[in-house]
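In our numbering, the protein residues as written are 55 to 473. The beta carbon of each residue, even a glycine, is placed where N, CA and C say it ideally should be. In what follows, a single structure is set out as structure tokens and then discussed.
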Amino acid sequence: MSHQGDDEGTAQFHIFFLSIFFSHLCLFVFSLPIDFGFLALLSLCLNLSPPTWKKIAVEGCLHGEMDKVYDTIRHIEKVENIKIDLLICCGDFQAVRNENDLESLSCPPKYRSMNSFWKYYSGQEVAPVPTIFIGGNHEASNYLWELYYGGWAAPNIYFLGFSGVIKFGNIRIGHFERPPYNESDLRSVYHIREYDVMKLKHIKEPIDIFISHDWPVGIYEYGNLKRLVQRKPHFQEEIRKRTLGSLPAAELLNQLKPHYWFSGHLHCNFAAVIQHRDNGSITKFLALDKCLPGRKFLQIVDVNSDPGPYEIQYDEEWLAITRKFNSIFPSSQKTVHLRPEQLDKQDYREWVRNKLITRGARPFDFVQTVSPFDPSRPLTRSSTSGNNRILHIQFYRMITYSNMRQLNSSIFFSFCCKN
């Protein structure tokens, strides 16, 4: 999406209808014939096509309730006579395929449940609308680590990875978050690695939608703070200390200035509008609740887009950034202090563009890597955790890393295979 805010879409819309008005003026005032073919050609040449609005459903914290969310979407489509084009889930997705994934779920054991994702993973059910999701602080971490760079978690359900940008048609969607990667992290606060944040800060092209599980710190100052504190009194102390929310998210908000920013995590509905001082652009922020009866967990947002094939695609700029940062990929779990001079100086943009022309921008196909849960059998621990090595080999062959570092962890190595 070549986004420059609502003003551009409004201007195109007005110009298009001015051309229609002019045609009627010719007919009724000057009695001149109208060549509608010429007008259509003129409209195309001047890029005066009316804006295309895509209906995007945004959901807060899913907590594994896929059936309920999809049923809600079907109900909205039927009642309002609309078609939802895309579903965005803002974390706590809980992509649990089987019993082994359930053990890795970051929550107290009494709250662990298979829920319904396994049905979509197995193919028993198919998502009725293209779905993208990010990680939160209640996730089946072993599966998401298999898809570090993003990929199909199930047919028509795409995990965005730990950070990055994809395209849905011409709509650019960015995100960042990271779930835990070993047992010592299961009860810890989720942190964003410096590596992922630095990559995101190298994005130069406009972002239409950005997603994070936690809120950007300070976002509450741009909405109805009084009402927020009334609904969530325990937020007040964290707000006073400026610890409510994520500082890296706030930094990315100020630098990237997306048109929309969606979050979950705090289990409440909250809206804010941020006008950026340096260029006057606006970011519309929306946080939504978790999927429970009577909660505001789902909202439909109309997003302006240029016409295009509406499918999930790799983003050219992000692939170039990913390749550039490969030379400093951290091989330890400790926070890494990165320096710009460590980066590969080569510009990979043209190379990536040619690669995408050759193979196309669609992500690699979904691959089922473990046996899904079987409800006819009692819950038992699976003997294997699964390994999406195939997907990571494919991804890296596409961007052809020739200088991969030797990594100790086998799961990291599966992410980073050479040709």
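Could you check how far apart the C-beta atoms of residue i and residue j are, in whole angstroms? I think they sit under 8 Å.
{"i": "Phe-171", "j": "Lys-253", "result": "At roughly 28 Å, the Cβ-Cβ gap does not stay under 8 Å, so Phe-171 and Lys-253 are not in contact."}
{"i": "Trp-269", "j": "Gly-299", "result": "4 Å"}
{"i": "Gly-118", "j": "Val-150", "result": "6 Å"}
{"i": "Val-180", "j": "Ile-138", "result": "Incorrect: roughly 15 Å between the Cβ atoms, too far for contact."}
{"i": "Gly-318", "j": "Gly-190", "result": "7 Å"}
{"i": "Val-406", "j": "Leu-373", "result": "5 Å"}
{"i": "Phe-351", "j": "Ile-273", "result": "Contact flag wrong, Cβ pair sits at about 19 Å."}
{"i": "Glu-134", "j": "Ile-257", "result": "No, Glu-134 and Ile-257 are not in contact; Cβ-Cβ is about 35 Å, not under 8 Å."}
{"i": "Lys-109", "j": "Ile-127", "result": "Between Ile-127 and Lys-109 the Cβ distance is about 10 Å, and since that is not below 8 Å, they are no contact."}
{"i": "Val-219", "j": "Ile-186", "result": "So it is not a contact: roughly 12 Å between Cβ atoms."}
Taking the alpha carbon of residue i as the reference point, which residue from the options has its own alpha carbon closest?
{"i": "Gln-353", "options": "Glu-113, Asp-250 and Trp-107", "result": "Glu-113"}
{"i": "Cys-322", "options": "Arg-294, Pro-209 and Pro-287", "result": "Pro-287"}
{"i": "Ile-142", "options": "Asn-152, Asp-155, Tyr-124 and Val-150", "result": "Tyr-124"}
{"i": "Arg-416", "options": "Asn-210, Cys-115, Ile-382 and Val-271", "result": "Asn-210"}
{"i": "Arg-226", "options": "Pro-184, Ile-263, Leu-159 and Leu-214", "result": "Ile-263"}
{"i": "Gly-215", "options": "Ile-188, His-192 and Ser-359", "result": "Ile-188"}
{"i": "Leu-306", "options": "Asn-278, Ile-336, Lys-255 and Leu-320", "result": "Lys-255"}
{"i": "Pro-429", "options": "Leu-320, Val-251, Glu-153 and Gly-190", "result": "Glu-153"}
{"i": "Asp-369", "options": "Arg-403, Gly-348 and Ser-381", "result": "Arg-403"}
{"i": "Arg-349", "options": "Val-355, Asp-356 and Ala-341", "result": "Ala-341"}
{"i": "Thr-337", "options": "Ile-110, Phe-147 and Ile-328", "result": "Ile-328"}
{"i": "Phe-222", "options": "His-319, Pro-384, Gln-367 and Ala-304", "result": "Gln-367"}
{"i": "Trp-199", "options": "Glu-231, Gly-277 and Ile-411", "result": "Glu-231"}
{"i": "Ser-425", "options": "Gly-145, Tyr-197, Cys-115 and Ile-127", "result": "Tyr-197"}
{"i": "Trp-315", "options": "Gly-272, Ser-266 and Asn-278", "result": "Ser-266"}
{"i": "Asp-155", "options": "Asp-146, Lys-132 and Glu-193", "result": "Glu-193"}
{"i": "Phe-147", "options": "Asn-135, Lys-258 and Cys-161", "result": "Cys-161"}
Grab the span of the alpha helix (DSSP H) containing residue i for me, first residue to last.
{"i": "Ile-375", "result": "370-379"}
{"i": "Arg-128", "result": "120-134"}
{"i": "Asp-419", "result": "No alpha helix (DSSP H) contains Asp-419, which DSSP labels as neither H nor E."}
{"i": "Lys-255", "result": "Taken as a continuous stretch (DSSP letters only), Lys-255 belongs to no alpha helix (DSSP H), as it is neither H nor E."}
{"i": "Ser-176", "result": "171-176"}
May I ask you to list the residues that DSSP assigns as paired with residue i?
{"i": "Trp-206", "result": "Tyr-212"}
{"i": "Phe-230", "result": "Ser-217 and Ser-266"}
{"i": "Lys-109", "result": "Asp-356"}
{"i": "Leu-159", "result": "Ala-194"}
{"i": "Gly-277", "result": "Ala-326"}
{"i": "Ile-366", "result": "Phe-222"}
Just to confirm the assignment, what range does the beta strand (DSSP E) spanning residue i have?
{"i": "Phe-187", "result": "185-187"}
{"i": "Ile-138", "result": "Neither: Ile-138 is in no beta strand (DSSP E) and is coded neither H nor E."}
Does residue i have its Cβ less than 7 Å from a Cβ in chain B?
{"i": "Leu-410", "result": "Given the protein chain composition of this structure (a single chain), no chain B is represented."}
field: Start-end ranges of the alpha helix (DSSP H) lying completely within the stretch 287-344, minimum 4 residues
entry: As far as the stretch 287-344 is concerned, its whole alpha helix (DSSP H) runs of at least 4 residues are 289-295 and 301-310.
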